[in-house]
Structure formats: structure tokens, C-alpha cells
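Everything on this sheet refers to the single structure shown next.
In the numbering used here, the protein residues as written are 882 to 1502.
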């Protein structure tokens, strides 16, 4: 099978002529089935590397933020053609995990590395091509990825890497990493490509965003600052928008304000600029200017939805600090209702039931486990806005404890184990689980964390602890609990990822999610061999030293007074709590729900006040 080579999706070569007609999605060749196989025929001569098709792309500028509108947005979104392997031009590390690339044309990568592919006459989209998990080949990696199975392709790729046999083209490797949304491995591959060809500004922006996701803010600023494009370039606004956003998180507010102000000179960027400047005012403590900027967008029904959405939650935080509880609640409610809400509480409960049934006591006892004995991983589990960022910052101040933020490897591992479960008779072997353990431990190494204990506080860990207990049997879990009334209110007032956490927009749904979280944690504590320590957020705030000593003892580490000076730690935090962890402990967030009591009727019915609650006697906070 011969195919002309195309310019990589991240290339900046000028686009060639386009076909006058575009094939509809229904006419695309279907994905292969298990009947598809690598032909036993000798591989043909690879196509000449000098030949290139005239159809090329100018590269995905990682995804155009929806806050960029008007002619600038249209110019950014106008692609000269589809990405070579069917991936959308907007693919980026924060691509939504629930969305996967569309089926790819059969044989694309397999043909490019010089092998024939036999395709079934009656393919089934969800059935992977036949391959041997225990004898991986580069051709099988390409075949699996081309047929729309990036998880299996990644598993085989890591098997090859472990055996030192991988000869996978860098562009295919990068596509797989993007499909898995793995910023560490995307960054590693991007650096290799840029070392060979530094004139790829689109890839530099992707690398900058990966570093941002990893909390490597100075590296991110360096990479984005190295992008050299003319000011009139249609992608210049996108680069500047990201540059300002990263500078805000790095607390370089003066530089961020300068770039954000320049953005506002372009009419289509006015709303995006105002939101950035409003956030900068808020972080500076200039509450009235922040309120005035953000109100102009939040209360404008004709305003573009994405910046209006962000403006609503920033306005809620601003009004809360100004003591206007009613205004803050209304701003948050307005933001939460901008997007349609299709969360199904019954389906969420059923999914929770399935997890509990799958990992019952007998299944946990009989489960195969990894041979890995590394005891450095620590999983900090809690609801959003429950204090996990604060506790991680406290622990990361200890000279023998590190923190990696909200790394998503646990969820990649969950996907991998489920994929192997479906294709290997008897389920994953200890060696399969060893491969997953290596993925996690390599992440810690790549993050530069060489400590006795390494804390991961990713949201949603409560739903994958059963799998993590098999893959990392030496890990420990800290379960952080906070008053449900304060937690639910705080989630409601912050811009939480609504695609990952669709229950975050309605108070009733938040109560449902909280109940499911409590059920899961009670179950894990009763069946898992993993040590689990329950910590009360209010107790940490009220009397930190005994609680920190209790936690470090659980981790097998001596207490260090540096933990009490956590706010002095120079460490990047990119979650909504980034400004709070830089301040000494205070009790301002405890009992804050009382200021909003008139709006929380359903929450108080579900979570009534108990006499032993720390905030049983209210105050005016």
C-alpha cells in the first residue's frame, strides 16, 4: 500500500491547494476489526522521504480559546486541511478526556512505516485489530492507533520502549501522547522534535502549555517567549493570550497586565482582555476595579459565552471578598447556568454502585498485584475545594516529601488496566501491572521529585483507588474531609471543569456527588489493603502541628517545622487555590456557609448541623 507523505500537523509550512470538495464523515473508510492484521508479505520499500503531498497544515495552535472571537478566531480556526491522522487541529494536553479522536483512515501509519495492511470487509468500529500483547511490534502500534485505539497503542509502545526495541516515528509517538493527554511525554517528544527543527512555533506553544500543566511556569514562559511570529500573524493573539495567562499563575502580574492590555486593542479580544485584567485586579486586591470590569461582561447577556462564564466566577470571588454574599451567590449561579446541565444523578449513583460491586472484598483479595515495592506514592483524596491544595503545600514543605499537583497518570492507568482486562484472558498479569507502575514512577522522576514520599492530589482519585491498590501496592492514601456545607458552597462558586465534573453546577447535584464520594471512601477503607488515614481539614487549620505530626508519622517520616512555614515555599500552584496557599493558615473559610445560609436550604436539609460540628455556633464570617 503506498501513500504520499504529508506535512506533519505541527509543521508551519504554507498550506497547499485544497480539494474543492471535502469528504463527509460518513464516507470515511471504517476502522478495522479484529480480522485486520499485519500482512506476512515482505515490507515494501518505504515511500521516498523527499516526496510530500501538497496538502499540509499550519499546525494546531493547541486549541483556540473560546474567549477569542470575531475575525481573529475565524482566522485561527480556518484550517487549510485536516490533520494528517484525523486528529482535530485543536488537540492539546487539556483535550477533554471523554472525547477521543475520530476513526482514522486504515493503514495510515502502518503504510508510512512500510508495511501492508489487510482490512476486513466487514469492520466493527469498537473492535481492535488483532495483535499480540506479549510480542509487540512497531507496526502493531501504528495499526492500533490508526484504527482508533490510542490506549492499546500506548501500552504496546511502552512495552517496546521497556525492551529497547521501539523504532516508532516521533510524529506517531507525539500523536499517541496527545491522544492520551499526557503532558510529560508530550513535552519529552516535543523537545526531541524541536531539537531537530526549532522553527515550529505551534509545537513550542504546545510545549509551553505542557510545562504550564506541570507547574513548570518559568520553563513555560521561556518556551512561549521564544515564539517569533509577526504581530499581525493571525496566531499572535493566541500566543499573547496564553502568555498572559501563564504570567498570572507565575504571579508576574505587571507583565501579564501589559500583555492583556495590548490584547484589548483588538476588538474581538476585548472580552478576553477584560477577564484577564479583572483577575489581575482581584489578585492585587483591587476589588472595586475588578468588580467593575467583570460585571460589564458577566451581566451582558449578549456577551460571548466563554469569557462571560469565567467572568461570573471571578465576579463571585470578588463580591464575596467585598462582603456581598447575595451578589456573589447570584454571580456564581449565573455562571453555573450558562451551559446546559445534563448531569444524571441516578447514573452517577449506578456508576458508583458498579465500582463498589467490582471491587468487593473477595475480588480485592483475589486480585493480581504488581511486583512493585516502591512506597513513595501518596494519594491525597478529597472533594474539590476540600483543602487538598493547602495540605499538599504543607507536606511539600517537608524536605523529605514532594508534591506533583494533580497529575492524571492514575486515570491513564485505569484506562490501561480496563483495556488489558478486555483483551487478555484472565485479566492483567503482574507484568502488565508492573508496566503501569513504571508509568507512574517515571512521572515522579520526570517531575524532578526525588523524595521519600510524593503526594498526588488529583481530583477524582476516589473512583480509581481499587486499581491503584493493584498497581502500586506500596502506596498510602490520605483522605481529607471538610465540612460539606463549606465544600459544596465553595465548589459552586468556582469554575470547576464541568466536563469532568458535571455535578459541580447545581447544589442538589453537589450533594449527590458528595454522598457518592462518602460511600466510596467508606468502601475502600473496609476492603483495601492500602493504608488510609482520614484527616479533618478544620482540625488542621485549628491546630496544625499535632495534625501534621500525625500525617508524617503515617507516612513514616519525622515531623519537620518547615511544614508550619508552608506559605514561604516557592512552588507553583495552578489550581484555583494558587493565591490561598501563599498565605499563613487562617480560619476565614471555616463556617463561611453561614453567610449564604438563606441560599442553601437543600444543602442544609441533606447536611444538617450537628452539635459537634466546628461551626455549630455561627459567627459573622
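All C-beta atoms in this analysis are idealised placements derived from N, C-alpha and C, irrespective of residue type, glycine included.
task: Could you check the C-alpha separation between residue 1039 and residue 1410 for me, to the nearest Å?
output: 28 Å
- prompt: First and last residue of the beta strand (DSSP E) that includes residue 1261?
  reply: 1258-1262
- request: Taking only the alpha-carbon atoms, compute the straight-line gap between residue 1202 and residue 1341 and give it to the nearest angstrom.
  value: 29 Å
- request: Please report how far the alpha carbon of residue 1149 lies from the alpha carbon of residue 1122, in whole angstroms.
  value: 12 Å
- request: Ignore the nearest five residues each way along the sequence and tell me which others in residue 1487's own chain have a CB closer than 6 Å to its CB.
  value: 1392
- prompt: Based on the DSSP secondary-structure assignment, which residues constitute the bridge partners of residue 1362?
  reply: 1417
field: Cβ-Cβ separation, residue 1154 to residue 1185 (assumed contact under 8 Å), whole Å
entry: The Cβ separation is near 12 Å, so there is no contact.
query: Apart from the five residues on each side of it in sequence, which residues of its chain come closer than 6 Å, Cβ to Cβ, to residue 1232?
result: none
Stretch-stretch touch, CB-based, cutoff 8 Å, three pairs: the region 1060-1067 with the region 1026-1039: yes
- prompt: What are the boundary residues of the beta strand (DSSP E) that includes residue 1551?
  reply: Outside the shown range of the chain, which is 882 to 1502, sits residue 1551, and nothing can be said about it.
message: For residue 1479 and residue 1206, what's the separation of their Cα atoms in angstroms?
response: 10 Å
query: My guess is that residue 1294 and residue 1348 are in contact by the Cβ rule of under 8 Å, so how many angstroms apart are they, rounded?
result: 6 Å
query: If we ignore side chains and look at the alpha-carbon of each, how far apart do residue 1268 and residue 1388 end up?
result: 19 Å
- prompt: If you compare alpha carbons, which of 1369, 1373 and 1422 is closest to residue 1398?
  reply: 1369
- request: Identify whether residue 1127 lies in helix, strand or coil by the three-state DSSP scheme.
  value: helix
- prompt: Of the choices 1305, 1489 and 1223, whose alpha-carbon is the least far from that of residue 1379?
  reply: 1223
- prompt: DSSP on residue 1282, reduced to helix/strand/coil?
  reply: strand
field: Close-in-space but distant-in-sequence residues of the same chain around residue 1292 (CB under 8 Å, 5 per side omitted)
entry: 978, 1339, 1341 and 1345
task: Have a look at 1431, 1209, 1491 and 1146 and flag the residue whose alpha-carbon is nearest the alpha-carbon of residue 1504.
output: Any answer about residue 1504 is impossible in this case: the structure gives the chain only from 882 up to 1502.
task: For residue 1385, count neighbouring C-beta atoms within 10 Å of its own C-beta (all shown protein chains included) and say buried if the count is 16 or more, exposed if not.
output: buried
message: Spatial neighbours of residue 1135 within its chain, please: C-beta separation below 8 Å, excluding the five flanking residues on both sides.
response: none
query: Near residue 1422, which residues of its chain fall below 7 Å by C-beta distance, leaving aside the five closest residues on each side in sequence?
result: 1466, 1468 and 1471
query: How long is the line joining the alpha carbons of residue 1436 and residue 1357, rounded to whole angstroms?
result: 7 Å
message: Less than 6 Å between C-beta atoms, sequence neighbours within five positions excluded: which residues of the same chain meet that for residue 1166?
response: none
- prompt: Which of the three DSSP states, helix, strand or coil, is assigned to residue 1357?
  reply: strand
Within 8 Å, strictly: CB atoms of residue 1192 and residue 1179: yes
query: Alpha carbon to alpha carbon, what distance is there between residue 1474 and residue 1371?
result: 9 Å
Inter-residue Cα distance where the pair is residue 1586 and residue 1313: The requested residue 1586 is not part of the displayed model; the chain covers only 882 to 1502.
query: In chain order, what residues of the same chain lie with their CB nearer than 7 Å to the CB of residue 1484, ignoring the 5 residues before and after it?
result: 1366, 1369, 1388 and 1392
message: In the DSSP assignment, the alpha helix (DSSP H) including residue 1325 goes from what residue to what residue?
response: 1311-1327
query: How would you call residue 1249, buried or exposed, if buried means at least 16 neighbouring beta carbons within 10 angstroms?
result: exposed
message: Check this for me: beta carbons of residue 1210 and residue 1477, under 8 Å apart or not?
response: yes
- prompt: In this structure, does DSSP put residue 1110 in helix, strand or coil?
  reply: coil
query: Quick one: Cα of residue 1375 to Cα of residue 1428, how far?
result: 28 Å
Nearest-angstrom Cα separation, counted from residue 1126 out to residue 1446: 28 Å
Cα-Cα separation between residue 1394 and residue 1090, rounded to whole angstroms: 30 Å
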